[in-house]
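Residue numbers 1 to 181, in full-length UniProt numbering, belong to the letters of the sequence shown in order. By construction, the Cβ of each residue, glycine as well, lies at the ideal position given by its N, Cα and C atoms. Quantities reported herein were computed from a predicted structural model and do not represent experimental measurements.
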Amino acid sequence: MKHENYGISIYTRPMPDSPIDEMRVDAVIKAPLSKVQAVLLDHEMRPLWDRLCRYAKKFEAGDSANLLELYYDFPWPLSDRDVLLRVDISQTEDHGRIEFIAENEILPLKEGVVRIHHAKTVWELYAVNDHSTQLRAEAHSEPNGPIPAWLINKLSVTQPIENIQALRTLSATSSDNGVMP
């Protein structure tokens with residue numbers, strides 16, 4: 001374990017052929033699985049729990065209906081980033097799985113914005129009971145451009161704590177309706 005705070009455990013491990021570590025987060029959220037999943041899938045709520053995300057937009061391209069554009073506002077002197085993600089969802093009554101996987105060629109590049117070409121996050125949600133959800137997220141991305149690996153690896157330990165705390169708050173107060181199916 002790399003870090004634990006507020007009942008949120010962060011783990012990292014080296015990735016072959018990458019200076020950026022893979023990160024895993026484990027936490028319990030005191031909200032039903034349906035509410036946690038609804039918050040994760042509601043693109044309009046994304047900037048409320050993902051601190052660096054300025055906006056998230058849902059769009060369709062070709063055969064893919066569940067596509068998402070995330071725009072990240074990086075502090076100066078770093079360039080802002082965007083990433084285009086395919087969203088794959090599977091669920092049963094007591095388990096939900098959401099995969100966000102980078103799809104690079106769907107939208108044209110934006111001037112002054114660096115496109116993140118490699119990103120994958122898998123959210124696994126397990127109903128503990130009617131009022132709590134066990135969450136596990138595993139993520140790895142390459143931010144593209146000149147960002148030191150040590151900085152990205154540091155953020156992958158500190159940033160998820162804030163994000164999960166915000167996700168807990170939103171899940172406890174949201175409806176069960178997600179924007180994406």
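Do the CB positions of residue i and residue j come within less than 9 angstroms of each other?
i	j	result
Ile-89	Ala-102	no
Tyr-72	Arg-97	no
Glu-142	Thr-121	no
Asp-26	Gln-165	no
Ile-106	Leu-70	no
residue 224	Ser-132	Summary: the structure shown does not reach residue 224, with the chain confined to residues 1 through 181, and so no result is reported for it.
Glu-93	Trp-123	no
Leu-167	Leu-33	no
In three-state DSSP terms, what is residue i?
i	result
Trp-123	strand
Ser-156	helix
Lys-35	helix
Ser-171	helix
Going by C-alpha distance, which of the options is nearest residue i?
i	options	result
Pro-148	Lys-58, Pro-77, His-3, Ile-29	Pro-77
Tyr-11	Arg-136, Asp-130, Arg-86, Asn-144	Arg-136
Leu-109	Leu-84, Thr-92, Trp-123, Tyr-126	Leu-84
Asp-82	Leu-170, Leu-52, Ala-31, Ser-34	Leu-52
Gln-91	Tyr-126, Phe-100, Leu-48, Leu-167	Tyr-126
Pro-75	Leu-167, Leu-151, Leu-170	Leu-151
Gly-145	Val-113, Asp-130, Glu-124, Ser-171	Val-113
Asp-17	His-140, Arg-168, Ala-172, Asn-163	His-140
Lys-30	Ile-161, Glu-99, Asn-129	Asn-129
Val-28	Asp-80, Ser-34, Ile-8	Ile-8
Ile-161	Trp-49, Asp-42, Trp-123	Trp-49
His-95	His-3, Gln-37, Arg-86, Ala-172	Gln-37
Asp-80	Arg-13, Ala-119, Glu-111	Glu-111
Leu-170	Lys-35, Met-15, Pro-14, Arg-13	Lys-35
Could you name the residues that DSSP lists as bridge partners for residue i?
i	result
Asp-82	Tyr-71, Arg-115
Met-23	Thr-12, Ala-139
Ile-161	Answer is none; Ile-161 lacks a bridge partner.
Arg-54	None, per the DSSP bridge assignment.
Arg-97	Ser-90, Glu-124
Glu-4	Ser-9
Ala-102	Leu-85
Asn-129	Ser-132
| request: Decide if the segment 19-35 is in contact with the segment 154-162; the criterion is three or more beta carbon pairs, one per stretch, under 8 angstroms apart. | output: yes
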